[in-house]
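Enquirer: Here it is, the structure, as structure tokens.
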Amino acid sequence: MEWLIQKYIIVKINARGKEKEEVKVHENKKDIEDEIENEIIHEINEEIEEAEESFLKEILKRLYKNKSAMFGVGILIILIISAIFASLLAPYDPIDSNILQRLQGPTLKHWLGTDDLGRDILSRIIYGSRISLQVGVISVSISLVFGGMAGVLAGYYGGKIDMFIMRFIDIMLAFPSVLLAIGIMAVLGPKLSNAMIAISIVNMPRFARIVRASVLMVKSEEYVVAAEAIGATDFQIVFKYILPNCLAPVIVQSTLSIASAILEAAGLSFLGLGAQPPTPEWGAMLSEGRSALQIAPWVVAFPGIAIMITVVGFNLLGDGLRDALDPKMKQ
Amino acid sequence: MLNYILRRLLLLIPIAIGVSIAVFLMIHFIPGDPAKIMLGERANKESIERLREEMGLNEPLYIQYFKFAGKIVKGDLGRSIMSKNKVIEELKERYPATIELSLFAISISIIIGIPAGIISATKRYSFFDYFSMSGALIGVSMPIFWLGLMAIWLFAFKLGWFPPSSRLDATIELTSITNFNIIDSILTKNWLAFRNTLWHLVLPGISLGTIPMAIIARMTRSSMLEVMGKDYIKTAYAKGLKEKAVIYKHALRNALIPIITVIGLQFGTLLGGAVMTETIFSWPGVGKYSFDAIMARDFPVVQGTILILSVTFVLVNLIVDLLYGMVDPKIHYS
């Protein structure tokens with residue numbers, strides 16, 4: 001690749017040089033060279049920009065053509081809308097109880113029925129989308145930042161730092177993830193924010209490994225070596241040259257991790273370790289409906305379906321992104 | 332081979348030490364006095380002091396750890412705060428229940444997942460492929476506790492086909508030898524108990540096995556597809572082998588490595604998932620035990636259960652590594 005660019009530059013310089021010489025014979029040779037150099041740099045920059053733009057366009061085009069990924073995007077758009085406009089969309093207050101209306105099946109008045117305190121399930125599900133999206137995005141961001149940092153440190157510096165970090169990650173991976181999350185919750189105490197912390201800790205090793213692997217791959221590329229040679233600091237090299245080239249696997253992993261984080265958060269809330277009543281969290285709603293399962297299965301059924309649809313949305317988008325970013329992977 | 336196994340077992344030691352340190356430190360990470368938290372805010376000073384003494388909380392941290400590790404090596408996991416029973420004794424009863432359930436679940440997921448993946452790969456873009464892959468997508472996206480509850484509602488409450496909870500009907504007697512109900516009932520030739528045990532395993536087994544089933548099916552499909560594009564498969568077809576022989580003898584065998592990896596990983600996930608499934612189905616296993624202990628802040632039990640489940644997880648990973656060599660003769664352990 002590099003030699004191609006160099007050859008291209010030489011050819012251009014020769015061509016332009018002749019051109020200019022013919023037109024302005026008297027001009028200083030140095031000036032001409034400078035001018036040509038500037039022109040070429042400008043041209044190359046433009047071409048790089050174009051290439052980047054068309055690369056992004058290409059990915060978006062591939063994603064757009066993927067029907068199931070678009071289906072996932074559709075689900076997520078509906079979810080985001082319901083989270084933003086929950087107060088407008090929900091027909092009832094999600095927390096107001098009305099004992100006289102308790103455990104009613106789906107009717108025109110309450111589309112998805114009511115729970116054991118007479119609260120409208122549809123309204124609670126709509127408000128619940130806020131919590132699930134928040135939990136998914138926030139906990140994945142935390143694991144991305146800290147896991148990614150660990151991965152960069154391990155991959156970029158190697159040696160003892162790498163050894164230490166990777167052994168630590170091995171130990172974390174020795175615990176089954178649900179159990180690790182529950183164990184952390186046992187230490188932190190039951191609370192939604194603690195559940196997010198527990199989930200982000202559990203997911204960190206995955207990000208650390210992915211980022212480390214990509215850093216190792218990119219580290220020996222010529223542009224990184226070149227950046228080192230011109231005296232760029234470690235910080236500059238990592239943020240300007242290495243991280244942007246690790247983005248693809250990280251984006252895919254983040255999307256898929258949001259899906260599993262939502263499932264894990266619902267699980268912790270179901271066990272009574274996450275969101276506390278009367279918060280309309282889907283997992284907590286399921287657990288509240290357990291006692292009346294025999295007579296009112298809808299109290300359990302609908303929040304579960306909501307979780308499933310959300311997770312399907314993120315999984316479809318994640319799979320689509322993987323196919324779009326890495327067409328070789330596509331089967 | 333033997334060398335490799337030995338080396339892998341030696342490598343387990345640092346991981347085991349790390350896990351034991353993490354489990355040990357768990358109670359020290361909790362803000363406040365562990366003894367006070369375990370006994371509740373209203374406990375009197377003497378009993379708190381007694382518990383501190385009993386747990387050795389008054390000693391320096393590293394001495395506490397060495398004592399803790401020394402006890403583990405001797406098989407002593409301490410006593411439960413709640414029941415006062417020895418944790419190791421409780422685990423002897425409960426661990427087989429969890430393993431029995433997990434093995435049953437993983438068997439179901441393998442028996443259904445691998446054939447579904449093979450058919451999907453060989454009949455790509457057919458109705459069956461779309462059907463099973465959408466099923467697999469829904470399977471990985473479903474909360475297992477929800478699936479469990481829905482299964483209880485439909486198959487236990489509505490249809491009455493399967494029991495909703497426990498390992499065995501209370502009316503059926505079974506002498507326990509290994510605490511694996513299936514093995515015990517075969518050993519004592521108690522066929523009534525054998526059937527009843529299987530009956531009780533169905534619902535929790537299916538809900539626990541659904542996610543692994545979906546993941547195994549997806550992995551089988553993509554691994555098979557990759558192998559089927561290889562030249563040696565074309566050669567096998569070209570020399571006139573029957574389709575079945577090509578798929579099962581040539582393609583599947585070469586596609587097995589990633590499938591085995593996934594099965595091993597899923598077995599670990601099962602052990603974690605057992606916490607939810609066992610809670611829903613009142614299954615007297617390690618998962619429910621650890622969850623109850625966490626809720627009651629019974630830390631010796633929490634430590635013991637997490638320790639035994641993680642060690643199992645690590646051992647399963649070792650077994651998976653060893654299986655590679657059996658499946659793929661190209662892999663040598665040296």
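Residue numbers (the numbering used here), protein chains in the order written: chain D, 1 to 331; chain Z, 332 to 665.
By construction, the Cβ of each residue, glycine as well, lies at the ideal position given by its N, Cα and C atoms.
1) For chain D, is any of its Cβ atoms less than 8 Å away from the one on Z:TRP284?
2) What would DSSP say about Z:THR592, mapped onto helix, strand or coil?
3) Which class does Z:ARG373 belong to by DSSP, given the choice of helix, strand or coil?
4) According to DSSP, is Z:THR541 helix, strand or coil?
5) Less than 8 Å between C-beta atoms, sequence neighbours within five positions excluded: which residues of the same chain meet that for D:ARG206?
6) Relative to chain Z, which residues along the region 257–272 of chain D have a C-beta separation below 8 Å, given in chain order?
7) Using a Cβ-Cβ cutoff of less than 8 Å, which residues in the same chain neighbour Z:ASN527 once the five nearest sequence positions on both sides are dropped?
8) Going by the beta-carbon positions, is the gap between Z:ALA567 and Z:VAL577 smaller than 8 Å?
9) Exposed or buried, D:ASP34, counting other C-beta atoms within 10 Å across all chains shown (16 or more means buried)?
10) Which residues in chain A sit within 8 Å of Z:GLY599, going by Cβ to Cβ distance?
11) Have a look at Z:SER613 and Z:PRO365 and give me their C-alpha separation to the nearest angstrom.
12) Any C-beta of chain Z within less than 7 Å: which residues of the region 76–103 of chain D qualify?
13) As a quick exercise: from D:LEU325, D:GLU281, D:ILE210 and D:ALA259, pick the residue whose alpha carbon is nearest that of D:THR310.
14) At a Cβ cut of 9 Å, what residues of the region 474–485 of chain Z count as close to chain D, listed as they run along the chain?
15) Does the region 576–592 of chain Z come close enough to the region 540–555 of chain Z that 3 or more CB-CB pairs lie under 8 Å?
16) On the DSSP bridge list, what partners appear for D:THR114?
17) How would you label Z:GLY387, buried or exposed, when you count the other beta carbons within 10 angstroms and need 16 or more for buried?
18) Does the beta-carbon distance from Z:ASN510 to Z:GLU424 come in below 8 Å?
19) Answer with buried or exposed for D:MET1, where buried requires no fewer than 16 other C-beta atoms within 10 angstroms of its C-beta.
20) Report the rounded CA-to-CA distance for D:GLN331 versus Z:LEU649, giving the unit in angstroms.
21) Answer yes or no: does any C-beta atom of chain Z fall closer than 8 Å to that of D:ASN315?
22) In chain order, which alpha helix (DSSP H) runs of at least 4 residues are fully inside the region 102–179 of chain D?
23) Tell me the residue span of the alpha helix (DSSP H) that contains Z:THR566.
24) For D:GLY128 versus D:ALA301, is the C-beta spacing smaller than 8 Å?
25) Ordered along the chain, which non-local residues of its own chain (more than five positions away) have a Cβ less than 6 Å from that of D:SER200?
26) State buried or exposed for Z:THR610, treating a residue as buried only when at least 16 other CB atoms are found within 10 Å of its CB.
27) When DSSP labels each residue in this structure, what does Z:LYS415 get in the three-state scheme?
28) So, at 6 Å on beta carbons, what are the nonlocal neighbours of Z:LEU337 in its own chain, with the 5 sequence-adjacent residues on each side left out?
29) Spatial neighbours of D:TYR92 within its chain, please: C-beta separation below 6 Å, excluding the five flanking residues on both sides.
30) Ordered along the chain, which non-local residues of its own chain (more than five positions away) have a Cβ less than 6 Å from that of D:ALA150?
31) For Z:GLY571 and Z:TYR563, I'd like the C-alpha separation in whole angstroms.
32) Within 10 angstroms of the Cβ of D:MET204, are there 16 or more other Cβ atoms? Answer buried if so, exposed if not.
33) Under the assumption that Z:ILE408 contacts Z:ILE419 (Cβ atoms under 8 Å), give the Cβ distance between them as a whole number of angstroms.
34) Taking 8 Å as the CB-CB cut-off, is Z:THR610 touching chain D?
35) Given that D:ASP115 touches chain Z, what residues does it touch there, using C-beta distances under 8 Å?
36) Taking three-plus beta-carbon pairs below 8 Å as touching, is the region 182–194 of chain D in contact with the region 211–223 of chain D?
Expert: Concretely, from the data shown:
1) Outside the shown range of chain Z (332 to 665) lies residue 284 of chain Z, about which nothing can therefore be said.
2) Helix at Z:THR592.
3) DSSP places Z:ARG373 in coil when its eight states are reduced to three.
4) Three-state DSSP puts Z:THR541 in a helix.
5) Within the same chain, and ignoring the five residues on either side of D:ARG206 in sequence, the residues whose Cβ sits closer than 8 Å to its Cβ are SER143, GLY147, GLN253 and SER257.
6) The region 257–272 of chain D vs chain Z, Cβ under 8 Å: ALA259, LEU263, ALA266, GLY267, PHE270, LEU271 and GLY272.
7) Excluding sequence neighbours, Z:ASN527 sits near LEU499, ASP500 and ILE503.
8) A contact, by the Cβ cut-off of 8 Å.
9) Within a 10 Å sphere around the beta-carbon of D:ASP34 sit fewer than 16 other beta-carbons, which makes this residue exposed.
10) Note that chain A does not occur in the displayed structure, where the protein chains are D and Z.
11) C-alpha separation (whole angstroms): 29 Å.
12) Taking 7 Å as the upper bound on Cβ-Cβ separation, chain Z lies near no residue of the region 76–103 of chain D.
13) Nearest of D:LEU325, D:GLU281, D:ILE210 and D:ALA259 to D:THR310, Cα basis: D:ALA259.
14) Taking 9 Å as the cut-off between beta carbons, the residues of the region 474–485 of chain Z near chain D are PRO474, ILE475, PHE476, TRP477, LEU478, LEU480, MET481, ILE483, TRP484 and LEU485, in sequence order.
15) Output reads yes: the region 576–592 of chain Z touches the region 540–555 of chain Z.
16) Its beta-bridge partners are D:ASP120.
17) Exposed, since its Cβ has fewer than 16 Cβ neighbours within 10 Å.
18) Taking 8 Å as the Cβ cut-off, Z:ASN510 and Z:GLU424 qualify as a contacting pair.
19) Legend: pLDDT at D:MET1 = 48, less than 50; position of this residue unreliable, value from coordinates given subsequently. With fewer than 16 other Cβ atoms within 10 Å, it is exposed.
20) Because D:GLN331 carries a pLDDT of 41, less than 50, the predicted location of this residue cannot be relied on, and no value is offered for it.
21) Using beta-carbon distances, D:ASN315 counts as an interface residue toward chain Z, with a partner under 8 Å.
22) Here the runs fully enclosed are 121–157 and 159–173.
23) First-last of the alpha helix (DSSP H) with Z:THR566: 562–569.
24) Cβ distance not < 8 Å, so D:GLY128 and D:ALA301 don't count as in contact.
25) Non-local beta-carbon contacts of D:SER200 in its own chain, meaning distances under 6 Å to residues more than five positions away in sequence, involve SER139, ILE142 and SER143 in chain order.
26) Counting Cβ neighbours within 10 Å, Z:THR610 comes out buried, since at least 16 surround it.
27) The answer is coil: DSSP assigns Z:LYS415 none of H, G, I, E or B.
28) Around Z:LEU337, the same chain offers no residue with a beta carbon nearer than 6 Å, after the five sequence neighbours per side are excluded.
29) Result list for D:TYR92: ASP120 and SER123, in chain order.
30) Excluding sequence positions up to five before and after D:ALA150, its CB lies within less than 6 Å of the CB of ILE165 and ALA208, all in the same chain and listed in chain order.
31) Those two C-alpha atoms are separated by around 13 Å.
32) Here D:MET204 is buried: its Cβ has 16 or more other Cβ atoms, across all protein chains shown, within 10 Å.
33) In the sequence as presented, Ile is not what sits at residue 408 of chain Z; that position holds Leu. Going by Cβ atoms, the distance from Z:LEU408 to Z:ILE419 rounds to 5 Å, so yes, they are a contact pair.
34) Look at Z:THR610: its C-beta is under 8 Å from a C-beta on chain D.
35) For D:ASP115, no chain Z residue has a C-beta closer than 8 Å to its own C-beta; the minimum C-beta separation is roughly 14 Å.
36) Contact between the region 182–194 of chain D and the region 211–223 of chain D is absent, because fewer than three Cβ pairs lie under 8 Å.
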